[in-house]
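Input: a single structure, listed below in structure tokens.
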Amino acid sequence: MTNKTNKHQKIKFIEALKHELKTINPDIDFNGVIAELTLSAIESLFDKLASLLSLQQQWEQKIKPERVSKYNHEIQTLTESINRIKKQLSIEQKIQNEKLKQFKESSPNIEDALLYSHIKRWTDSGFRTLLSLQKRLDKLQDELWKLNHSTNFYSIASDGSLIDKSNETNKIFENIQNHLQGNFYTSIAREKLKKLISQSQGEDDDELF
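The sequence shown maps to residues 24 to 232 in this note's numbering.
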């Protein structure tokens, strides 16, 4: 976004905001010093807010669906691995139990003892692997549930972790509302402010929000 384009968008936003305020309260005077300072303060918040709303759009339309798809794929892969290991462990444990029964009924030879020891080591290792995979599966399912039920949006850090940006957006909206309420004695709903920003950027509301 060029500086010229950004400046044009800010002008469009402020003009649209003034028109909306006039619709709510026709007696508002925008020529006073306080009004000018208020609009200037709101304009200074435009860049940050527009950037955050763009991140929100990217999160909702691209990043979140990709994360959900990735989690679903990994959950499916883990589930298949767990089921396969469980099946194999069931077979190995059955053999182990049969060998143990034979040992109790008769004196085992060296080959049988080595075979039993080998099966037991493999079974123990398999159970540890199974436990590790199950923990990973539980964690992924929990993360997927949170992702699907969260109304927040995030950016991605350099290490791939998610950074919640919702609070920043909320603070800016609250700041704008405080300016409007404190100096123009009126307020505009958040969704309406989003719409004004969307219109100033020349994009369809449905695409952004």
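Ideal Cβ placement from N, Cα and C applies to all residues, glycine included.
Residue i bridges to which residues according to DSSP?
{"i": "serine 178", "result": "Ile186"}
State buried or exposed for residue i, treating a residue as buried only when at least 16 other CB atoms are found within 10 Å of its CB.
{"i": "phenylalanine 257", "result": "Shown here, the chain extends from 24 to 232; a query on residue 257 therefore has no answer."}
{"i": "isoleucine 211", "result": "buried"}
{"i": "aspartate 50", "result": "exposed"}
{"i": "glutamine 125", "result": "exposed"}
{"i": "threonine 25", "result": "Model confidence at threonine 25 stands at a pLDDT of 49, short of 50, so the residue's coordinates are unreliable; what they give is reported in the following sentence. Its Cβ having fewer than 16 others within 10 Å, threonine 25 is exposed."}
{"i": "isoleucine 114", "result": "exposed"}
{"i": "alanine 180", "result": "exposed"}
{"i": "leucine 216", "result": "buried"}
{"i": "isoleucine 47", "result": "exposed"}
{"i": "tryptophan 82", "result": "buried"}
{"i": "isoleucine 118", "result": "exposed"}
{"i": "aspartate 229", "result": "Note that aspartate 229 has pLDDT 44, beneath the 50 cutoff, so the model's placement of it is unreliable and the number below is only indicative. Result: exposed."}
{"i": "isoleucine 199", "result": "buried"}
Taking the Cβ atom as the reference point for each residue, do residue i and residue j lie within a distance shorter than 7 Å?
{"i": "threonine 152", "j": "leucine 75", "result": "no"}
{"i": "isoleucine 37", "j": "leucine 60", "result": "no"}
{"i": "isoleucine 195", "j": "leucine 68", "result": "yes"}
{"i": "phenylalanine 207", "j": "leucine 40", "result": "no"}
{"i": "aspartate 165", "j": "asparagine 175", "result": "no"}
{"i": "leucine 160", "j": "leucine 101", "result": "yes"}
{"i": "leucine 156", "j": "isoleucine 105", "result": "yes"}
{"i": "threonine 146", "j": "glutamine 116", "result": "yes"}
Would the beta-carbon of residue i be found less than 6 Å away from any heavy atom of the ligand NAP?
{"i": "alanine 58", "result": "Of the ligands one can find in the structure shown there are none, so the ligand NAP has no counterpart to examine."}
Taking the continuous alpha helix (DSSP H) assigned at residue i, which residues delimit it?
{"i": "phenylalanine 69", "result": "56–81"}
{"i": "tryptophan 221", "result": "Residue 221 is actually serine in this sequence, not tryptophan. 213–223 is the extent of the alpha helix (DSSP H) around serine 221."}
For residue i, collect the residues of the same chain with a Cβ closer than 8 Å to its Cβ; drop the 5 residues on either side in sequence, then sort them by chain order.
{"i": "lysine 109", "result": "Leu153"}
{"i": "aspartate 227", "result": "For aspartate 227, the predicted structure reports a pLDDT of 42, less than 50, and the residue's modelled location is therefore unreliable. A value from the coordinates is still provided. So the qualifying residues of the chain are Ser221."}
{"i": "arginine 90", "result": "Leu170"}
{"i": "leucine 163", "result": "Tyr94, Glu97, Ile98 and Leu101"}
{"i": "leucine 185", "result": "Tyr177, Ser178 and Ile179"}
So, at 7 Å on beta carbons, what are the nonlocal neighbours of residue i in its own chain, with the 5 sequence-adjacent residues on each side left out?
{"i": "lysine 35", "result": "Ser223"}
{"i": "threonine 209", "result": "Leu44, Ile47, Asn48 and Leu203"}
{"i": "phenylalanine 232", "result": "Only weak support exists for where phenylalanine 232 lies, its pLDDT of 41 falling under 50; the value from the coordinates is given anyway. Closer than 7 Å at the Cβ level, and outside the excluded window around phenylalanine 232, lie Lys217 and Ser221."}
{"i": "leucine 78", "result": "Phe176, Ser178 and Lys188"}
{"i": "isoleucine 57", "result": "Asn206"}
{"i": "lysine 33", "result": "Glu66 and Phe69"}
With a threshold of 6 Å on Cβ separation, who are the neighbours of residue i within its own chain once the five nearest residues in sequence on each side are excluded?
{"i": "histidine 31", "result": "none"}
{"i": "isoleucine 65", "result": "Ile199 and His202"}
{"i": "arginine 213", "result": "Phe196"}
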